[in-house]
Structure formats: structure tokens, C-alpha cells
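Asker: Under this note's numbering, think of the first position of the sequence shown as 2, with each following residue one higher.
Before anything else, here's the structure in question.
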Amino acid sequence: MEEESERLRLLDSADTLENWLNLRAHDETRHESHEMPVLNLPTEPHIISKAPLERLPPIWAQSRQEVCESFEWFRSYQGGVYQNDGTVKGYLLSGFPAQRDCFECGGKLIVSHGGGKADSSRIQRGHVTNITADDQRLDDLSVRALMNNYRTGQPIVLLIDDKYGPFPFDLVGRNVYMAVLGFYRIIHTWAEYQPSNSNTNGRVVRYKFAFQWCEGQGEPWWLNQSNDSSVSDPAEKRVKAGPKPAAMSPLKPAHLYNECAGCLQSSPHVFRQTWACLNPGCHFFWMTHGALLPSQLNYNPEFLSVIDPRPLPFSYRGTLLPTKLVLNPSDGVTTTYAYSRGWHCRKCGRLSCRSAWEHYKCPSCQDTHKIIGNIRPAKGLLSFPVPVSGKFLDSVVDDHSGIKRLPTTMFYLEDARGATGRCQTFVLPEGKGSIHLIQTSRLAGAEADRIFEAYQQQAFDGTLLFRRWPLRNHKLRGPLLTNYFSQNSGETYHYVGGTDNTVPFDRAPGAVIQARELIQKRIREALAVRYEFNEVLSAAYMEQQKMAFHSDSERGLGPVVAGLSMGSPALMHFRSLSKYVPRDQQLTSILTVVLRHGDVLVMEGAGVQDFYQHTVVPCNFRIAATARWISPSHT
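Right, dumping it as C-alpha cells:
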């Protein structure tokens, strides 16, 4: 679900660390405590009494998916650190803080621990594995990426969710799950011991990072809780900055760093009580006078008064807000990857997924923007390359699958003046069923062409309501929408949308009725049998969208499932259900077929769904109509 992260690149920062670490050392008198607030911080992170949030944040969301699909600075569906090309773009502050994590100076100084190595559970093929907390290391992906940002000075976007205790305002009261704070730089980093009940040592190493608000992007939005509801990039607001501290200290003043006699590395004087070596590889790490540091520690206010004087680079200004919508592209193509992503409402600030085919609609303020695009004819999609090796054209069968490929049979089309088609049948082992791939030539594809265009026209005008529906089972906060658009006609299909996504056939869009008729006709022609279907699930896939591995295991499902493929080619993979594969073996595809425009694939026999899963991966824009018989009494 994070494949788009490889397409993102960090903007170049203005200066490297070397350009500003070598500032002339200031006199020690410039570091007197009266010049900065004394941070007498508690040892344990605390939950404060939160004030009401008077106005919504400029950028906020109600689900993790809304952020990942709409906000380029954070696209991590699970972790709290989003990195790209070895540097961090976004960092989420959430629950489960470490000791001495803090939110100070009105949120312009935030201390947090690097992500990873906490107690966790991993579910793989239905089995739960508990993973105990462990030491973080410099070569851990998240720690290494954060250290790269520290060394280069590249800004990071910080986000919070409603579980982040130190934030002074109540996000829950405004139904805000996640909110964007703004751009920060890492100005300090060090390692600590943190207590751990699960680790055998009773403690683990955690890397801490001090984030400082980047000047040049206005004041933090939460410090100005006025009734101004306009949404704009803070960097675009030319507001006066707050008063500067009396002293502008270099980032590594010599008097705050001491060299360890054991490892000969310098460590900063982080804590008020004492200095200690903060190199986890040293025998004297976290020790003073031969003993571990006490659990009750407070930050050295002089250390945290050291600030980064550089403003936000100009190349970053104006980049926090997602780009504005392009509702009527010059080429008329609205099925590219960009149009499958979410958007940012400029009226209320909410990020949201694109859940409707014909428009963008904000779920909070109902602001709606109609999408205007051209109908894409099938002929422009047929030539997209299929990502397969040269060893097969239409299908490949795993040698150890037990699947038997029957000879290809030819058949005549009912109304094409002698035109023919062909059918390739794959017989599954132990009587589990058969899979039929029914193909016709392009000369006989006019009917599929018309249906494909009818689907698009009816989706644009709202006759056919293509929607992305919430998945029933997932582990993320908030709803998680499918990675494709769908609409169901006939009997209710609970796997996608249920009754909310179903219209009876007497009110079904014309494209759906035509698709069902073509599927039934192709089965009559190729297999010489008659099947009547009372349900059709129509699915539309934009560029890079796909359906995950699944089985059509609806209660009351008949033994035959058949689908019409339209638009770009696609690969359909079959694999055994995980419960039938030994845990020490990987789940691999046992059958792959290429679906082209106008092809009909038939899964015959209940065993196909009982013993196997399938997925379809389109090469580009594609629409599919899958027909079933579902018992009317299945609900």
C-alpha cells in the first residue's frame, strides 16, 4: 500500500550542516539561564488538561489513510517515521512516549524518541508472534534516516494524533485524529537507557531527538486560536515572528561537550544533574561515578537553549499544503495515478480520500468539486505492456501445482458472421474445479468496446455510482477504503459495500445489464452451458490500483463465478489458501493468466473459492464486471 513512496523526492535544502556548525563560539555569558526559559521538565511524560480547540488545524484528517493518500510528507500506514531515499520527510508524535519526551516553548521545541524496536505483535498467515523491546541502533532504518536529517539539516514535517498527550488542545472534541504541526529541524540527538519490562536487561537503548520549529513559516497555528477559519500554508502568511532569544548560540558550544575517557567520543551535557557518556557502544554509557544514572533526571536548560538560527529554506516554503485540484486536465485523462489520490479541502482543512468517481467531496464541510474528463476508448489501452517474462503469452502454470492444462478449444460466436473464439481450460487437482479463459479477437470486440465506454459515461454522470467502500477487517485507526471503485447490482454482496452498495437489477445501470448479458453469452458459446447470474460487481481500477488476494466466499454463493475484463491488460494470479500451505513454505502463485480487453474468465466449482485465492493486477485503467449467483436467502 506504500508503493507511491518511491516516487517522492525530498526538496534540496539550502545549506549543509558544515556551513553552520562552525559559527564563532559565543562567550559563556551568552548562555545565562535568564536568556531562555528554564526547562525544569518532569522525568515521566505527563498528560495535561487540554483546552478546547477553537479552530480546526490548517491540515488535519480523521484516518491514517486520508493522510497517506493526500499528504506527500507522510505516507507511512503503520510506523511513525516516513522516510524516502534515506532521509525522513514526516514524523508522527503519538501515544506511548518515552521518558523525558516533551512539548515545550509553545511547541517550538519538541523532544521525542526515534521509532522502532518497541514491544509489538506480528501476525503472519494467522499466527501471532510477540516481539519484545530491543535496543535501537544507529544502523536501524529509522534512526539512521533521522541522523541523516540531523547531519544535513533537512527539515521534517511533524504530525500529531489524538493520543499525543503533551499537546495542549483537545483534538478529540473536534473529531480530529491527525493534524500537521509544520516544519522542524533536528537540533540535538543523543542516546539514553529507557526501562523495559519485557527486555531481559530491564532496559533498552533509545535515541532521542530534539526538534525545533523552523522560523520563516509564521507562528504555529495552535498558538493563534482565533476565529479565522481560512486555510493556507503557514509559510505563505507573512506574519511577524515572535521575539528572538537574547542569545543565538552555536549548535555545539565547546563548554557543553565533554570527551569520554573510555571511548574518546564527545557527548553533550544533556541533564542538569550530571554529565555522562551517551555513546551506547562505550562501557561507560549512561554511567556516572561507576553507577547508572538515576531514573529522575531533568534537562540541562543551557543545553536546550542552544538553537538553530537558520530559517526554513525558500525551496520548502509553500510546499506544506497539498497541491490544488486539477478538475479538467488538458488531455482529458482523469484515470492516472494522481486522480486516485486524496485531496485537501481549502475550506475546512481536512485531508480526505477520493471515494467517489465523479467528484471530490469533503466528508466534513461537504465542499464538492466535479471532475471533468474524457471517455477513454479501449483501443488506446490495449498496447500497455504486460509485465511477464518471455516464456508465456496468456498463462503460466506452476510445475508442482497439480493443475492440468487442457488443449485449447475453438467456438463460433452467435452473432458475428462466422467469427470464432477460443477457450483455455485449467483443471484443478483433486476435483476442486476448473478455470476457463475465454478469448475473442479484436474483430469481435465491438460489444466490449461499447460496454466499456458506457461504464465510463454512466460513472461520470452519476447514473452508475462507483465508490470506494470501507474494508471490514483492518488494523488502522479510522476507515480504510478499498484500492478500487465498485458498484454492486442485483443480490447483495457483503464482501464489498453490502446493502449500501447494491441496487436491484430493475434499477441497475445499462452498462451493468449489458455486461451480464455478454458474460452469459460467452459462456454459452464457449462451454455450451447456460448460466444465469443474479448479481454483478463492477469494479474500476485507475492507474496503480488493484484488488488484493481474496476468495469469493460469500454465504450462499453458487459454484460459478465469471468476470468480463475491459480496458488495459491485467494479470490474474491464483494461489493456495494459507491454511493449506506449510508454514515454512512461501505463498506463491500457482497459476497466472493474462486478461485482455473483452476476455471472460470463469471459475467453475466451489473448490476454486474454498481452496484458492486470486488477485488481479491491471497494467493501467481497467473496468471489470464479475457475475455470480447468490442465493436470495443468504442474508
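Beta carbons: idealized from backbone N, C-alpha and C, even for Gly.
These numbers were taken from a predicted model, which means no experiment stands behind them.
#1: Here's the rule I'm using: 16 or more other beta-carbon atoms within 10 Å means buried, otherwise exposed. How should residue 274 be labelled?
#2: What is the rounded straight-line gap between the Cα of residue 45 and the Cα of residue 86?
#3: Would you say residue 449 faces chain D, with C-beta separation under 9 Å as the test?
#4: How far does the alpha helix (DSSP H) with residue 193 in it extend, from its first residue to its last?
#5: Taking the alpha-carbon positions, what's the residue 30 to residue 310 distance?
#6: Using 8 Å as the cut-off, can you tell me whether the stretch 432-439 makes contact with the stretch 323-335, which would need three or more C-beta pairs spanning the two stretches below that distance?
#7: Between 463, 302, 545 and 154, which has its C-alpha nearest residue 360's C-alpha?
#8: Excluding the 5 residues preceding and the 5 following residue 99 in the sequence, name in chain order all residues of the same chain whose CB lies nearer than 6 Å to its CB.
#9: Any chance the stretch 619-626 sits against the stretch 534-549, with 3 or more Cβ pairs inside 8 Å?
#10: If you run the structure through DSSP and keep just helix, strand and coil, what is residue 1?
#11: Give, in chain order, every unbroken run of the beta strand (DSSP E) that is at least 3 residues long and sits entirely within the stretch 328-382.
#12: With three or more beta-carbon pairs closer than 8 Å as the criterion, would you say the stretch 208-216 touches the stretch 169-189?
#13: Please classify residue 554: does DSSP put it in a helix, a strand, or coil?
#14: Would you mind sorting residue 476 into buried or exposed? The rule is 16 or more other CB atoms within 10 Å of its CB.
#15: What do you reckon, are the CB atoms on residue 432 and residue 67 nearer than 9 Å?
#16: Taking residue 278 as the reference, which of 261, 272 and 456 has the closest Cα?
#17: Using only CA atoms, which one of 461, 418 and 270 lies nearest to residue 334?
#18: Which word fits residue 489, buried or exposed, when buried means at least 16 other C-beta atoms lie within 10 angstroms of its C-beta?
#19: Taking all protein chains shown into account, do 16 or more other C-beta atoms lie within 10 angstroms of the C-beta of residue 157, making it buried, or fewer, making it exposed?
#20: Under a Cβ-count criterion, where at least 16 other Cβ atoms within 10 Å of its own Cβ denotes burial, should residue 173 be classed as buried or exposed?
#21: Here's a check: name, in chain order, each residue in its chain whose Cβ is nearer than 7 Å to the Cβ of residue 407, leaving out the five neighbours to either side.
#22: Below 6 Å CB to CB, which residues in the same chain sit around residue 266 once its five sequence neighbours on both sides are set aside?
#23: Here's a check: name, in chain order, each residue in its chain whose Cβ is nearer than 6 Å to the Cβ of residue 366, leaving out the five neighbours to either side.
#24: Nearest to residue 190 by alpha carbon, out of 160, 576 and 150?
#25: Let me check one thing: in DSSP terms, what residues is residue 424 bridge-paired to?
#26: Per the DSSP calculation, residue 103 is bridged to which residue(s)?
#27: With a threshold of 8 Å on Cβ separation, who are the neighbours of residue 487 within its own chain once the five nearest residues in sequence on each side are excluded?
#28: Kindly identify the DSSP beta-bridge partner or partners of residue 214.
#29: Residues in the same chain with beta-carbon distance under 8 Å from residue 505, minus the five sequence neighbours each way, listed in chain order, please.
Answerer: Judging by the given coordinates:
#1: exposed
#2: Reliability of the predicted coordinates at residue 45 is poor, the pLDDT of 48 falling under 50, and the value obtained from them is presented with this limitation in mind. Here the alpha carbons of residue 86 and residue 45 stand approximately 34 Å from one another.
#3: Here chain D cannot be found, since the structure has a single protein chain.
#4: Taken as a continuous stretch (DSSP letters only), residue 193 belongs to no alpha helix (DSSP H), being part of the beta strand (DSSP E) at 179-196.
#5: In this prediction, residue 30 scores a pLDDT of 30, lower than 50, which makes its location untrustworthy; the coordinate-derived value is nonetheless stated afterwards. Approximately 19 Å between the Cα atoms of the pair.
#6: no
#7: 463
#8: So the list reads 114, 195 and 207, once near-sequence residues are dropped.
#9: yes
#10: The shown model of the chain, from 2 to 636, leaves out residue 1, and the question about it has no answer.
#11: Entirely contained in the stretch 328-382, the beta strand (DSSP E) runs reaching 3 residues are, in chain order, 360-362 and 369-371.
#12: yes
#13: It is coil, neither helix nor strand.
#14: Its Cβ having fewer than 16 others within 10 Å, residue 476 is exposed.
#15: Residue 432 places its beta carbon 9 Å or farther from that of residue 67.
#16: 261
#17: 461
#18: buried
#19: Buried, by the Cβ-count rule.
#20: So residue 173 ends up on the exposed side.
#21: A distance below 7 Å between beta-carbons, with the five flanking residues on each side excluded, links residue 407 to the following residues of its chain, in chain order: 426 and 428.
#22: 280
#23: 348 and 349
#24: By alpha-carbon distance to residue 190, the top candidate from 160, 576 and 150 is 150.
#25: 410 and 439
#26: 112
#27: 467, 468, 469, 470, 497, 498, 502, 538, 539, 540 and 541
#28: 185
#29: 490 and 491
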